[in-house]
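Here's the structure, in structure tokens; my notes come after.
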């Protein structure tokens, strides 16, 4: 009888010990890892002419002429010295034809004022007559500092105008007209946008000093009382000063 009780107690102890071990093992088992989040496989669409940003002013787009900077339009300046984009060089210009220290010229019909910059030649013309004067852009020309004449571009000229006629500009009697000009071959394709992109007139790196004494300018063809007249204006790079 006693041996039966001892056997029963031993069996119960073994069963209790086994249950305790199983419970502990299950309580320390690692929680299952959460399912992995699927990667985002949506691709970004390529830029188009409508979504791409236009080249910023100063973007390094080297063209065949070696100039680096592309600008939209042309900013004017009132300083005697024109600074390059990174202020490495200061340009000083002179008006040589007709010679003038004040960058102006006038006759009985028209009065001109000029402001050469790195981006374009700005000018203002006043009609001194009491009747209209017409600017003929197709008969006008720009003389590049790198040599040779080129078709002329002005504020409203766009990329598509390179191979088609530009409309004339009429200046009313006793009225003023302001604009800027540069060589039409400096235009840059804007990628379908209706903006004017073009290269600057002069390099702004170590090549700049090579342009000292270079001449540039434009021939402006006008019609006065039905009579064609061409005004020739020339400027010279008087100095390029490294900073």
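In mature numbering (1 follows the signal peptide of the UniProt record, and there is no 0), the protein residues as written are -30 to -1, 1 to 213.
We put the CB at the ideal spot given by N, CA and C, even for glycine.
Does DSSP put residue i in a helix, in a strand, or in coil?
i, result
"residue 7", "Because the pLDDT of residue 7 is 39, which lies under 50, any placement of that residue in the model is unreliable, and the question is left without a value."
"residue 2", "In this prediction, residue 2 scores a pLDDT of 45, lower than 50, which makes its location untrustworthy; the coordinate-derived value is nonetheless stated afterwards. Residue state, collapsed to three classes: coil."
"residue 193", "strand"
"residue 155", "helix"
"residue 85", "strand"
"residue 178", "helix"
"residue 132", "helix"
"residue 69", "strand"
"residue 106", "coil"
"residue 122", "strand"
"residue 213", "coil"
"residue 170", "coil"
"residue 42", "strand"
"residue 163", "coil"
Which residues does DSSP pair with residue i in a beta bridge?
i, result
"residue 187", "113 and 204"
"residue 100", "BP columns for residue 100 are empty, so no partner."
"residue 57", "In the DSSP output, where bridge partners are listed per residue, residue 57 has none listed."
"residue 63", "207"
Under 8 Å by Cβ, that's how I've got residue i and residue j pegged, so tell me the actual separation to the nearest angstrom.
i, j, result
"residue 138", "residue 183", "Actually they are not in contact, since the Cβ atoms of residue 138 and residue 183 sit about 35 Å apart, beyond 8 Å."
"residue 285", "residue 161", "Outside the shown range of the chain (-30 to 213) lies residue 285, about which nothing can therefore be said."
"residue 210", "residue 181", "6 Å"
"residue 188", "residue 110", "7 Å"
"residue 132", "residue 165", "The pair is not a contact, with the Cβ atoms about 15 Å apart (cut-off 8 Å)."
"residue 83", "residue 91", "With a Cβ gap of about 11 Å, residue 83 and residue 91 do not count as contacting."
Stretch pair the segment 78 to 96 + the segment 141 to 157: three plus CB contacts closer than 8 Å: yes
Cβ pair count under 8 Å reaching 3, the segment 63 to 77 against the segment 196 to 207: yes
Stretch pair the segment 187 to 197 + the segment 76 to 95: three plus CB contacts closer than 8 Å: yes
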